[in-house]
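Report on the following structure.
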Amino acid sequence: MSKSVAATSLVLNRRTFLAGISSTAVLVSSCSVSSETPIADPIAGEIEKIVKAKRDLISDATGLISSDPSLSSPLQIVIDQNLLHIEGLSPYLPAGSSPSASAIPAQELSLAALVTRCAVFSTNNLNTASAISDAELSRVLALIAGSEMQHHVLLTGFVA
Amino acid sequence: MSTPVKDEFTALEDLLASCYGAIYAYGVVAAYLSDPEEALNAMAAFRIHRDQLLTSFDELGYPAPAASAAYSITPQVLDDPSARVAAALLEENAIAHWANALFYLPAQIKQRECEFLQGCAIRSFSWSGIAKAFSSAT
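These protein sequence lines are chains A and B, in that order.
The numbering used here puts the first sequence at residues 1 to 160.
The numbering used here puts the second sequence at residues 1001 to 1138.
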C-alpha cells in the first residue's frame, strides 16, 4: 500500500516536472517571439492619428485661404495654433514618426465643414484625454481640446 | 485654487475651489458690466456645476471643502473693460484646472467635466475674442 502511494506520488511528481518543463519551454518560446515582434504602442498610435488629422485640417485651411483670402485672418490663427498643438504632441509620437497630411483631401473643403471638424476634434481629444493612462498627456490633450473648441467658436463667426 | 492635484480627492477639491472662486469673481464682474447678463449666466453655470461637484463629493464619501469668504481677482476689476478681461482670464484659468484634473477624476463624471471644460473654452473666447493654443492657470 505504501509502495503504491509512493509510486503514484513519484508518477505525479514526474508528470508535474514534465509539465513544468513543457510550460517553461512555451514561456521561453513566447518570450523569444515577443522580443522579436515589435509591439505597437497604442498611445503613440493614437497621437499619430491626432497629428495626422491636424495636418489634414491645416492643409484644408490653407486651401480655403487660397480660395477665399478674406478668411485668412481667422484661419491663420487656427493653422498656427494647430502647429503648436502638433509641437506639443510630438514628444508622444513614435520614434521617427512624422505623420503627414493625406495626399487626397478626404473632407469637404468648406468653412462650415472646418468649423464642425474643430468641435469634433475637441470632443474626440477629450475622450482620448479621459481614457489615456498618462497624466501629462491627458492634460496636454485636454488643453488642446479647449483650444479646438475656441477655434470652433472663432470660425463660426465667419460662416455665411 | 492652488491645491496640488495628485489623486481623485484632490482633483475634485481643486475643481470645487475653482467653482467657488469663479462664482465670487463673476459677482464682482457682473457689478461692473453695463450689461451683466452674460456674467450672470456664466455665474449660474458655475453654481450648477458647484452643486454637481458637491453631489459627487457626497456620492464618493469625501468631505467637501467650504468656500472662502473672499477671493482675489486678477486683474483688478475697475470698469467694464477690466471686468471683461477678468472674466476671460477666470475662464482660461478654469480650462487649465479642468485639464489638469481630468486624468484623476472618477470615470463616471469624466464626460460631464469634459463638457464643462468645453463650456469654459467657449465663454473664455466670448469674453476676449482670443483663441489660445494652450490655456494656462494664473
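We treat Cβ as the ideally placed atom computed from N, Cα and C, and that holds for glycine.
Determine whether the beta carbon atoms of residue i and residue j lie at a separation below 8 angstroms.
i                       : j                       : result
residue 83 of chain A   : residue 47 of chain A   : no
residue 58 of chain A   : residue 79 of chain A   : yes
residue 1057 of chain B : residue 1012 of chain B : yes
residue 1032 of chain B : residue 1077 of chain B : yes
residue 1104 of chain B : residue 1029 of chain B : no
residue 141 of chain A  : residue 129 of chain A  : yes
residue 1035 of chain B : residue 1097 of chain B : no
residue 109 of chain A  : residue 56 of chain A   : no
residue 132 of chain A  : residue 43 of chain A   : yes
residue 1125 of chain B : residue 120 of chain A  : no
residue 1102 of chain B : residue 138 of chain A  : yes
Thinking just about the alpha-carbon of each residue, which of the options is nearest to the one in residue i?
i                       : options                        : result
residue 1027 of chain B : B:1017, B:1014, B:1129, B:1042 : B:1042
residue 941 of chain B  : A:128, A:102, A:147            : Outside the shown range of chain B (1001 to 1138) lies residue 941 of chain B, about which nothing can therefore be said.
residue 64 of chain A   : A:90, A:102, A:53, A:114       : A:114
residue 1094 of chain B : B:1035, B:1116, B:1048         : B:1116
residue 52 of chain A   : A:138, A:154, A:116, A:85      : A:85
residue 1121 of chain B : B:1138, B:1088, B:1046         : B:1088
residue 1020 of chain B : B:1063, B:1037, B:1069         : B:1069
residue 1112 of chain B : B:1079, B:1010, B:1050, B:1062 : B:1050
residue 149 of chain A  : B:1054, B:1066, B:1079, B:1132 : B:1132
residue 1092 of chain B : B:1048, B:1022, B:1016         : B:1022
residue 1061 of chain B : B:1071, B:1080, B:1008         : B:1008
residue 1065 of chain B : B:1010, B:1137, B:1100         : B:1010
residue 89 of chain A   : A:156, A:117, A:134, A:68      : A:134
residue 1018 of chain B : B:1123, B:1047, B:1080         : B:1047
residue 136 of chain A  : B:1106, B:1100, B:1083, B:1063 : B:1100
Any Cβ of chain B within less than 8 angstroms of the Cβ of residue i?
i                      : result
residue 58 of chain A  : no
residue 73 of chain A  : no
residue 126 of chain A : yes
residue 159 of chain A : no
residue 30 of chain A  : Bear in mind that the predicted position of residue 30 of chain A carries a pLDDT of just 44, short of 50, making it unreliable; the figure below should be weighed with that in mind. No, because no Cβ of chain B sits closer than 8 angstroms to the Cβ of residue 30 of chain A.
residue 49 of chain A  : no
residue 76 of chain A  : no
residue 63 of chain A  : no
residue 93 of chain A  : no
residue 115 of chain A : no
residue 109 of chain A : no
residue 55 of chain A  : no
residue 138 of chain A : yes
Which same chain residues, not among the five before or five after residue i, have their C-beta less than 6 angstroms away from its C-beta?
i                       : result
residue 1025 of chain B : 1073, 1090
residue 1109 of chain B : 1056
residue 99 of chain A   : 48, 51, 52
residue 1128 of chain B : 1088
Tell me, please, whether the CB atom of residue i is closer than 8 angstroms to any CB atom in chain A?
i                       : result
residue 1090 of chain B : no
residue 1041 of chain B : no
residue 1046 of chain B : no
residue 1137 of chain B : no
residue 1004 of chain B : no
residue 1100 of chain B : yes
Counting only the same chain and skipping the five closest in sequence on each side, list residues whose C-beta sits under 7 angstroms from that of residue i.
i                       : result
residue 158 of chain A  : 71, 74, 111
residue 1045 of chain B : 1119
residue 34 of chain A   : Because residue 34 of chain A sits at a pLDDT of 47, beneath the cut-off of 50, its placement in the model cannot be relied upon, and the following sentence gives the value as read from the coordinates. Within the same chain, residue 34 of chain A has no close Cβ partners at all.
residue 1039 of chain B : 1026, 1029, 1030, 1033, 1087
List, in order along the chain, the chain D residues whose C-beta lies closer than 9 angstroms to that of residue i?
i                     : result
residue 88 of chain A : Checking the listed chains, one finds no chain D in this structure; the protein chains it contains are A and B.
Spatial neighbours of residue i within its chain, please: C-beta separation below 8 angstroms, excluding the five flanking residues on both sides.
i                       : result
residue 127 of chain A  : none
residue 101 of chain A  : 52, 55, 56, 58, 59
residue 32 of chain A   : For residue 32 of chain A, the predicted structure reports a pLDDT of 44, less than 50, and the residue's modelled location is therefore unreliable. A value from the coordinates is still provided. Counting only Cβ-Cβ distances below 8 angstroms, and skipping sequence neighbours, we find nothing.
residue 1075 of chain B : 1082, 1085, 1086, 1089
In chain order, what residues of the segment 1054 to 1088 of chain B put their CB closer than 9 angstroms to some CB of chain A?
-> Cβ contacts with chain A come from no residue of the segment 1054 to 1088 of chain B.
Can you list, in chain order, the residues of the segment 1107 to 1127 of chain B whose Cβ is nearer than 9 angstroms to any Cβ on chain A?
-> Here the close residues are 1107, 1110, 1111, 1113, 1114, 1115, 1117, 1118, 1119, 1120, 1121, 1122, 1124, 1125, 1126.
For the segment 1009 to 1035 of chain B, which residues have a beta carbon sitting closer than 9 angstroms to at least one beta carbon of chain A?
-> Taken residue by residue, none of the segment 1009 to 1035 of chain B has a beta-carbon sitting less than 9 angstroms from a beta-carbon on chain A.
Which residues, in chain order, does the segment 141 to 152 of chain A contribute to contact with chain B at a C-beta distance below 9 angstroms?
-> Residues of the segment 141 to 152 of chain A that bring their beta carbon within less than 9 angstroms of a beta carbon in chain B comprise 141, 142, 143, 144, 145, 146, 147, 148, 149, 150, 151, 152, in sequence order.
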